[in-house]
Each structure stands twice: as C-alpha cells, then as structure tokens.
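Since the structure comes first, as structure tokens, the remarks are kept for the end.
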Amino acid sequence: MGKDRRADAVLFGFDFQVNAAIVLMLENIKELQSLRLESENEDIDIELYSGDHILAQAKAIVNSSTDFAHVRTNLKKALESLSEGSRKVQTKKLILITNSPNPLNEDASRSLFWGPAHRGFSTLPESSQRIITDYLSQIDQPLDTDQFVIQVVPFETDDDSEKYKAVMQSINDFIGELKLDIPGIGKQLHRVWCGEVFKNGSKKNVNITLSKKSLIWPIIVIATDIDRIDRDFVERFDSVQYDEVVRRFRETIDSCCERVEFFTKILFDFNAYKDSGKPSEKTIDFVEECWSNYSSEFEVDGIDSATAEALSKVVVYNVIRRRYDIDKIKKGVSL
C-alpha cells in the first residue's frame, strides 16, 4: 500500500470512527452521560448515568463490500481490546462496530449483516459463535459473550450522500423522535458533530471527554437560530442595527458551548415573570424589562451600548420564542 493510500485509509478510518460514535451516541442518548473518542479504554467509550460503560472498537474497511481479507484480523483485535477494556471498567455492552457487511467472512452469517445491523453473540449461527470463541480462548480473561455485539453501519464510497446515508438515517430518526420541525437540521447537525464537536476527540488530545450537554448543545443552537426569528420582533430595530447584531450574535453564540445554564436561567426567570398585560405580549414585555439582567453574558469588545442592548434583547427573545423546541430537546435526551 503506497503512502497516499495508507494516509487515505487512516482518514477514512477516523471518519468512520466519528460517524460510528454519532450512531452509538444517538442509540444511547437517554442514558448517556459522556462520550470519549480514543479513550485509554477503547476507540469509543460511552459512560452511562448508571456508571456502566459501553465500549466499542471501530473497524472500517475502505472497500467494505468487496474486501473481506482483513475482517477476521479486525475481529480478533477487537475481541482482544474489548476484553482488556472490560477489565478496567464496569461494562454493559462491548461492540465491534464496522462497515463490513461480512464481518466474519463466512457464508453462514453473511446474510445477517446487510444494511444497518446489530447482532448479539447468542443470535449468531453456531459456526460464527465458534469463530469468536476460538479467538477468545487465546485471551487471558476474555470478555463476557453476553455483552458482545457486532454492529454494522454501512459506510463506503467517496459520494458523501451515499457514504453517510445510514448515519443520516440515525440522525433523522432521532430528530423525528424529538418532533422538531426545522428544515435541514439533520444535515446541519451532522456537519457540526463531525466538523466541530468530535474533532476535539481526535488523536491530538486523547483525554477529551464530551458531556451530554456539549453533544446536545448544537441542536439547541440550531433551534434558536437567529435567522428563524419573527418579523414582528425584527421590526423593532432599524435594519442596519439588526444586521450588526446578527453578525455579532453568530460569533458569540458559536463560541459558547456551555450555555445550557444560561438558557435555563432565562426560561426560569420568564416562567416566574408576572405580567399585567395580555399573555401574547408577555414575551415582548419581559424582553423590554429584563434584558439588562443578561447583558453581561454577551460582552463583546468594542460594542456600543445601543448594540449591546439590541444584542441582549435579540438573544433573550429568541430563547423564549424557542422554549418549546428547547424543552422538547431536553426532555427527549433526558438532559
């Protein structure tokens, strides 16, 4: 294998690992407390609220639909690593997650793994179980086969829409369960999770742990996107000032990944706010009266007081208007 092809295979492998992590995160989102890529235990390490861990070995093959030469080697390595990981932490599930539709390279189980698949050890044909137990017999303190799962996430080709199809299906199913009606949110989320959130989990720093909060934060950012704000509120600003606010707001909101407390504080204050006017005017009244309580959250160097006021009002208004979406998100993921 030439240098370029080896480098490409490494990039492909990391791309698969990130996307496999997204799939596993969404499957376990309610119980998930934190997620790590490249932890000392495993490629993907999900810690649950119970304290148990789900450990996964991600094994990608560039030409997965035709190349089965290394799948047994991958299986052997995964079993060794997962056995070792399961000795270090309390585990609930141990997963070989791969893009191979024939992860055992045998006819008896081949038909079980087409498309997205989850197969526990006990559901495999005897011949498949034998392949696995033979490898385990060579390991000192092998893993518990009751916890072992082979999971397939189809992932191949250079065509992005085809390569990420199964991952996008997971994301869109998740969005559907949250009942969020936001056009294009699936693609936006995939881009943010791959490009920003999980990039921190790369090999440059193996100690990055992503909390549920930071994993779910992008959904709240998209749900409160400034471009989705109502015209009746926009009309309170002159357009130049509003555009300036939007430009600043983007930088500010993108830079804060731990703002869930801030959102919660605004909503808590809003719910406690007593207004003598009509319910429909409560939001505007609250914003006009209380915006200054939050302006310190949005200090931007060199911003004049009028823009600072407008920025605070836009943010506070937007959070309140989107509170139903935010509530749905937080309930849906048990945050």
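Numbering (my numbering), first residue to last: 15 to 349.
Backbone N, C-alpha and C fix where the C-beta goes; we use that ideal spot for every residue, glycine too.
What's the C-alpha gap between residue i and residue j?
i	j	result
ASP158	ALA34	22 Å
GLU210	ILE236	14 Å
LEU138	ILE233	37 Å
VAL81	ILE75	Residue identity differs from the one stated: residue 81 is Asp in this sequence, not Val. Between ASP81 and ILE75, the C-alpha separation is close to 7 Å.
TYR331	ILE185	28 Å
ILE58	SER95	12 Å
THR238	PHE127	39 Å
GLY27	ILE36	14 Å
LYS91	GLU120	18 Å
PRO197	TYR178	18 Å
THR212	ALA122	The sequence shown places Phe at residue 212, rather than the Thr named in the question. Going by the C-alpha atoms only, they are around 36 Å apart.
GLN202	ASP160	37 Å
LYS344	PHE188	13 Å
ASP173	ARG50	28 Å
LEU325	LEU194	26 Å
GLU323	TRP305	7 Å
ARG19	LEU25	10 Å
GLY134	ARG205	31 Å
GLY215	ARG124	Reliability fails at GLY215, whose pLDDT of 48 lies under 50, so the model's placement of it is uncertain and the value that follows must be treated cautiously. Spanning the two alpha carbons is a distance of roughly 33 Å.
VAL93	PRO156	Correcting the residue type first, residue 93 is Leu in the shown sequence and not Val. So the alpha carbons of these two residues sit roughly 8 Å apart.
GLU176	GLN152	38 Å
GLU295	ASN307	19 Å
ASP66	ALA83	34 Å
ILE286	LEU38	According to the sequence provided, residue 286 is Ala. The question's Ile does not apply to it. Rounded to whole angstroms, ALA286 to LEU38 spans 38 Å at the Cα level.
ASP154	LEU118	22 Å
LYS292	PHE284	15 Å
Looking at the secondary structure, which residues open and close the alpha helix (DSSP H) in which residue i lies?
i	result
ARG335	319-335
ALA72	ALA72 -> not in any alpha helix (DSSP H); beta strand (DSSP E) instead, spanning 67-73.
GLY160	The question names Gly, but residue 160 in the sequence shown is Asp. No alpha helix (DSSP H) contains ASP160, which DSSP labels as neither H nor E.
LYS106	Element bounds for LYS106: not the alpha helix (DSSP H) but the beta strand (DSSP E), 105-112.
GLN202	199-206
LEU96	85-102
SER123	121-124
GLN143	140-150
GLN47	Unbroken run through GLN47 is the beta strand (DSSP E), 46-51; no alpha helix (DSSP H).
GLU302	296-304
VAL181	179-192
Nearest to residue i by alpha carbon, out of the options?
i	options	result
TRP207	ARG20, VAL32 and ASP239	VAL32
ARG144	ILE230, LEU89, ASP289 and GLY316	LEU89
THR171	PHE30, GLU295 and VAL301	PHE30
ARG335	ILE298, LEU325 and ILE343	ILE298
VAL85	ALA72, ASN116 and GLU98	ASN116
ASP341	TRP231, ARG50, CYS304 and ARG19	TRP231
LEU40	LEU192, TYR338 and SER310	LEU192
PRO168	ARG20, GLN155, GLN183 and ILE146	GLN183
TYR338	LYS327, THR278 and LYS179	THR278
SER309	PHE135, SER142, PRO156 and ILE280	ILE280
VAL103	SER78, GLU56, ARG19 and SER142	GLU56
GLN71	GLU98, ASN77 and ASP22	GLU98
LYS327	VAL333, GLU311 and VAL301	VAL301
ASP318	ARG19, GLU258, PHE282 and HIS132	GLU258
VAL260	THR147, VAL329, ALA83 and GLY134	VAL329
THR321	VAL333, ASP283 and TYR256	TYR256
LYS106	ASN42, ALA23, PHE282 and TYR287	ASN42
ILE146	PRO293, LYS292, PHE284 and THR87	THR87
GLY129	GLU52, ALA180 and ILE199	ALA180
PHE282	ILE199, VAL333 and GLU140	VAL333
Could you confirm whether any beta carbon from chain C is found closer than 8 Å to the beta carbon of residue i?
i	result
VAL181	In the displayed structure, chain C is absent; only one protein chain is listed.
In terms of residue numbering, what span does the beta strand (DSSP E) encompassing residue i cover?
i	result
ASP224	The sequence given here places Leu at residue 224; Asp does not occur at that position. Per DSSP, LEU224 belongs to the beta strand (DSSP E) from 223-225.
GLU61	58-62
GLY134	131-134
My guess is that residue i and residue j are in contact by the Cβ rule of under 8 Å, so how many angstroms apart are they, rounded?
i	j	result
SER100	LEU150	Not quite, the Cβ-Cβ distance comes to about 12 Å (not below 8 Å), so this is no contact.
SER114	SER136	With a Cβ gap of about 21 Å, SER114 and SER136 do not count as contacting.
PHE276	GLU311	6 Å
For the pair the region 106-124 and the region 159-172, tell me if three or more CB-CB distances fall below 8 Å. yes
Do the region 33-48 and the region 62-77 meet, that is, are 3 or more Cβ pairs less than 8 Å apart? yes
Is the region 340-348 touching the region 224-243 in the sense that three or more CB pairs, one from each, lie closer than 8 Å? yes
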